[in-house]
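Residue numbering for the sequence shown follows UniProt numbering, starting at 1 and increasing by one per position. Using N, Cα and C, we set each Cβ at its ideal position, and we do this for glycine too. See below for the structure under consideration.
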Amino acid sequence: MGGCFSKPKPVELKIEVVLPEKERGKEELSASGKGSPRAYQGNGTARHFHSEERLPAPHPYPGAQDCVEAAVCHVKDLENGQMREVELGWGKVLLVKDNGEFHALGHKCPHYGAPLVKGVLSRGRVRCPWHGACFNISTGDLEDFPGLDSLHKFQVKIEKEKVYIRASKQALQLQRRTKVMAKCISPSAGHSGSTNVLIVGAGAAGLVCAETLRQEGFSDRIVLCTLDRHLPYDRPKLSKSLDAQPEQLALRPKEFFRAYGIEVLTEAQVVTVDVRNKKVVFKDGFKLEYSKLLLAPGSSPKTLSCKGKEVENVFTIRTPEDANRVVRLARGRNAVVVGAGFLGMEVAAYLTEKAHSVSVVELEETPFRRFLGERVGRALMKMFENNRVKFYMQTEVLELRAQEGKLKEVVLKSSKVVRADVCVVGIGAVPATGFLRQSGIGLDSRGFIPVNKMMQTNVPGVFAAGDAVTFPLAWRNNRKVNIPHWQMAHAQGRVAAQNMLAQEAEISTVPYLWTAMFGKSLRYAGYGEGFDDVIIQGDLEELKFVAFYTKGDEVIAVASMNYDPIVSKVAEVLASGRAIRKREVELFLLHSKTGDMSWLTGKGS
């Protein structure tokens, strides 16, 4: 595997450790987003490189005066398997009792701030009720995604039947802990033409791969390259919050990349990969050799192929700039969204408060039909109609008409003509793997990169992750699937990094995704493709329901609105390896008028 990639022996490794700077909340990253990258000369060409600069010295460990200690409850106040949010000083802590032991952790999920006390405790970890991230209760470490940071773990002691917690004031305020990481100790001699690890694509998979390598003590050079002009950002937020600025979306501040020696090449397009000589060539002619390669190029949005497709003010949403321009053009004007999938519907929902009119054009009968089924799709469609969204279903765009080059009307195959000043196209995506066609790296007939459970391609030392891969889904009998979702990309990035270090990790996460429209969230776990029945508990009209998607006798996915933490509960059951049978669901829903779901985790069955 090459010396630097074998599991590092702690004795021999010279690792400089940097404690993370005082963390900032997600929405306070504006300072980090400013300032342009420094250009440098590489092979005679100016390139954008975000390189190492010194950080101010980190704070030393907190002293006694920076700590707070107090009794928070009586030992008998909590049963086994119970969680409680307790006050400590000016902050709050999540107190967990599991197998007779008490654990104290940060109380908010570092991803979007969900209260973990409302989550699911199972198998020594707590799962977030909103987006399914999992944290080990003994260490606070992040074990499943989304998100990048772990929880603080606080000291617990029992004295005279009382439970005491001791915590640093800083940790109480931060609510997140960045794992200790190695620094890069191999200098990148004037940004030379070789790197140990090259990561193509700086989405969730690419960033998590780089961070995992550093967390595992890897201290050689890592280069992350992206087509984007920005450092890695929270792309799912783009369609939910089109006004968001790049610095608000940043997943890590600029200083983070400098501190841990993760070099980011922005606006860098790889055009060829030469696997025999372990070299990539960029569009501007710059060449870079690598020892290990991760391909995480993501996907490219499909565009319309109709007459007038080149008119102005027709967009796919790929970047913050795209999203911002759409909002500017839509304000007080007429917006048309083509495609009623997740992206299209999120954009339509966001624009209702900004635009004069919002129309959605879709080939299917109902939105989300293939994903969520007819009944759930119809209930969501009604919510949109109540918010003034007009639907043109079972039709597609025939022509885009312009006035002075700018979009004015969308003509449909049903012969309807819809007024439009701006059009957003959300009709799916294709893997962005064209640059790999002659490389010898295997692609399937649709252009996806097939990988095994270790995220390895057919070429040794070349890994792939994220939206552009198909991989074996463990709990669906290793069926080869493509799951182009944020959480899955994180998990695959981690597994790829672990296997670059010869740790023999396998991908086993249960897919988890969410969407937000009109302030309401829909959560979903599992892989529902090919479902043949949907069992619904609750009230679809009130949008307070849980839907179980079944195939034959097995539950293969679940979706819910206003029914937390049911989706996290199901995800936890599936992750434990237990199958949920259709008749179990039917039987319990027959007897359960309260919506009690304790049967799922085996309690009260």
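* Consider the C-beta atom of Lys92 and the heavy atoms of the ligand ADP; say whether any pair is separated by less than 7 Å. => Within the structure as shown, the ligand ADP is missing, as the structure has no ligands at all.
* Using the C-alpha atoms, what's the distance from Ser299 back to Arg127? -> Position 127 of the sequence shown, counting from 1, holds the residue named residue 127. Position 299 of the sequence shown, counting from 1, holds the residue named residue 299. Roughly 29 Å between the two C-alpha positions.
* **Alpha-carbon spacing of Gly100 relative to Ile158, whole angstroms** => Here residue 100 is taken as the residue at index 100 of the sequence shown, counted from 1. Here residue 158 is taken as the residue at index 158 of the sequence shown, counted from 1. Using only the alpha carbons, I get a separation of about 12 Å.
* Do three or more CB pairs link the segment 127-142 to the segment 91-106 at distances below 8 Å? -> Cβ pair count under 8 Å is three or more, so yes.
* CA nearest to the CA of Tyr164, picked from Ala70, Phe145, Leu95 -> As a working note, residue 164 is residue 164 in the sequence shown. It is Ala70 whose Cα lies nearest to the Cα of Tyr164.
* Asked: Within this structure, are the beta carbons of Val361 and Val424 separated by less than 8 Å?
  -> The residue you call residue 361 lines up with position 361 of the sequence shown. The residue you call residue 424 lines up with position 424 of the sequence shown. Cβ distance not < 8 Å, so Val361 and Val424 don't count as in contact.
* Would you check if the segment 251-265 and the segment 224-235 touch, i.e. whether three or more CB-CB distances between them fall below 8 Å? => Contact holds: three or more Cβ-Cβ distances are below 8 Å.
* Provide the residue span of the alpha helix (DSSP H) that contains Tyr350, from first to last. => For the purposes of this step, residue 350 is identified with residue 350 of the sequence shown, where counting begins at 1. According to the DSSP assignment, Tyr350 belongs to the alpha helix (DSSP H) that extends over 342-351.
* **Cβ-based neighbour list, Val275, same chain, cut-off 7 Å, excluding 5 preceding and 5 following** => Position 275 of the sequence shown, counting from 1, holds the residue named residue 275. Excluding residues within five positions, the ones whose Cβ falls inside 7 Å are Ser439, Gly440, Ile441, Val459, Val462.
* Specify the secondary structure class of Ser239 as computed by DSSP and reduced to three states. => In the sequence shown, residue 239 corresponds to position 239, counting from 1. Of the three classes helix, strand and coil, the one that applies to Ser239 here is helix, per DSSP.
* To do: Have a look at Gly466, Lys302, Lys292 and flag the residue whose alpha-carbon is nearest the alpha-carbon of Gly206.
  => The residue you call residue 206 lines up with position 206 of the sequence shown. For the residues Gly466, Lys302, Lys292, the minimum Cα distance to Gly206 belongs to Gly466.
* Starting from the C-beta of Lys278, find all residues in its chain whose C-beta is less than 8 Å away, skip the five residues before and the five after it, and write them out in chain order. => In the sequence shown, residue 278 corresponds to position 278, counting from 1. Same-chain partners within the cutoff: Glu289, Tyr290, Ser291, Leu293, Gly461.
* Indicate whether Val264 and Arg494 have their beta-carbon atoms separated by less than 8 Å. => Here residue 264 refers to the residue found at position 264 when the sequence shown is read from its first residue. Here residue 494 refers to the residue found at position 494 when the sequence shown is read from its first residue. In this structure, Arg494 does not lie closer than 8 Å to Val264 by Cβ.
* Determine the burial state of Arg214: buried for a count of at least 16 other Cβ atoms within 10 Å of its Cβ, exposed for fewer. => As a working mapping, residue 214 is identified with position 214 in the sequence shown. Classification of Arg214: buried, given that the 10 Å Cβ count is 16 or more.
* Quick one: is His230 buried, meaning 16 or more other Cβ sit within 10 Å of its Cβ, or exposed? -> Counted from its first residue, the sequence shown places residue 230 at position 230. Answer is buried; the Cβ neighbour count reaches 16.
* Please classify Cys134: does DSSP put it in a helix, a strand, or coil? => Residue 134 sits at position 134 when you count from the first residue of the sequence shown. It is a strand residue.
* Going by C-alpha distance, which of Lys118, Phe218, Arg388 is nearest Ala502? -> Taking the first residue of the sequence shown as 1, we reach residue 502 at position 502. Closest option to Ala502, Cα to Cα, is Phe218.
* Asked: Rounded to the nearest angstrom, how far is the Cβ of Asn334 from that of Arg419, given a contact under 8 Å?
  -> Along the sequence shown, read from residue 1 onward, the residue named residue 334 stands at position 334. Along the sequence shown, read from residue 1 onward, the residue named residue 419 stands at position 419. With 8 Å as the limit, Asn334 and Arg419 qualify as a contact, their Cβ atoms being about 5 Å apart.
* **Three-state class that DSSP yields for Thr212 in the structure shown** => Along the sequence shown, read from residue 1 onward, the residue named residue 212 stands at position 212. Helix.
* To do: Using 10 angstroms around the beta-carbon of Glu586, count the other beta-carbons present and answer buried if the total reaches 16, otherwise exposed.
  => Here residue 586 is taken as the residue at index 586 of the sequence shown, counted from 1. So Glu586 ends up on the exposed side.
* Who are the Cβ neighbours of Leu238 in its own chain at under 6 Å, not counting the five residues just before and after it? -> In the sequence shown, residue 238 corresponds to position 238, counting from 1. Only Ile317, Ala323 meet the Cβ criterion.
* Asked: Which residues in the same chain have their Cβ closer than 6 Å to the Cβ of Gly344, if we skip the five residues on either side of it in sequence?
  -> Working through the sequence shown from its first residue, we reach residue 344 at position 344. So the qualifying residues of the chain are Val337, Gly426.
* Asked: Using a Cβ-Cβ distance under 8 Å, would Gly428 count as near chain D?
  -> The chain inventory of the structure shown lacks chain D, comprising one protein chain alone.
* Three-pair Cβ contact test at 8 Å for the segment 239-247 versus the segment 345-361 -> yes
* Which one or two residues does DSSP pair with Phe463 in a beta bridge? -> By 1-based counting over the sequence shown, the position of residue 463 is 463. Looking at the DSSP assignment, Phe463 forms a beta bridge with Leu294, Gln456.
* Take the Cβ of Val590 as the centre, count every other Cβ of all protein chains shown within 10 Å, and call the residue buried at 16 or more, exposed below. => Mapped onto the sequence shown, residue 590 falls at position 590. The identity of residue 590 in the sequence shown is Leu, whereas the question assumes Val. The residue in question, Leu590, is exposed, as its Cβ has fewer than 16 Cβ neighbours within 10 Å.
* Asked: With C-beta atoms as the reference, is Met455 less than 8 Å away from Ala464?
  -> As a position in the sequence shown, residue 455 is number 455, starting the count at 1. As a position in the sequence shown, residue 464 is number 464, starting the count at 1. Cβ atoms of Met455 and Ala464: closer than 8 Å.
* Asked: Quick one: what does DSSP say Glu267 is sitting in, helix, strand or coil?
  -> Taking the first residue of the sequence shown as 1, we reach residue 267 at position 267. Correct three-state label for Glu267: coil.
* Would a C-beta distance cut-off of 8 Å place Arg331 and Phe315 closer than the cut-off? -> Walking along the sequence shown from the start, residue 331 turns up at place 331. Walking along the sequence shown from the start, residue 315 turns up at place 315. No, the Cβ-Cβ distance between Arg331 and Phe315 is not below 8 Å.
* Assigned secondary structure, Gly332 (DSSP; H/G/I helix, E/B strand, else coil) -> Indexing the sequence shown from 1 puts residue 332 at position 332. Coil.
* Considering Glu87, what are the terminal residues of the alpha helix (DSSP H) in which it resides? -> Numbered from its first residue, the sequence shown carries residue 87 at position 87. No alpha helix (DSSP H) contains Glu87, which is instead part of the beta strand (DSSP E) from 82-88.
* Asked: Can you tell which of Pro297, Leu295, Thr266 has its C-alpha closest to the C-alpha of Asp284?
  -> Taking the sequence shown and counting its residues from 1, the one referred to as residue 284 is at position 284. Of the listed residues, the one whose Cα sits closest to Asp284 is Thr266.
* Asked: By DSSP, does Arg369 sit in helix, in strand, or in coil?
  -> For this step, residue 369 is matched to residue 369 along the sequence shown. Arg369 falls in the helix class under three-state DSSP.
* Asked: Skipping 5 residues on each side, what residues in its chain have a beta carbon closer than 7 Å to that of Val546?
  -> In the sequence shown, counting from the first residue as 1, residue 546 sits at position 546. Here the set comprises Gln537, Gly538, Val558, Ser560, Tyr563, Ile566.
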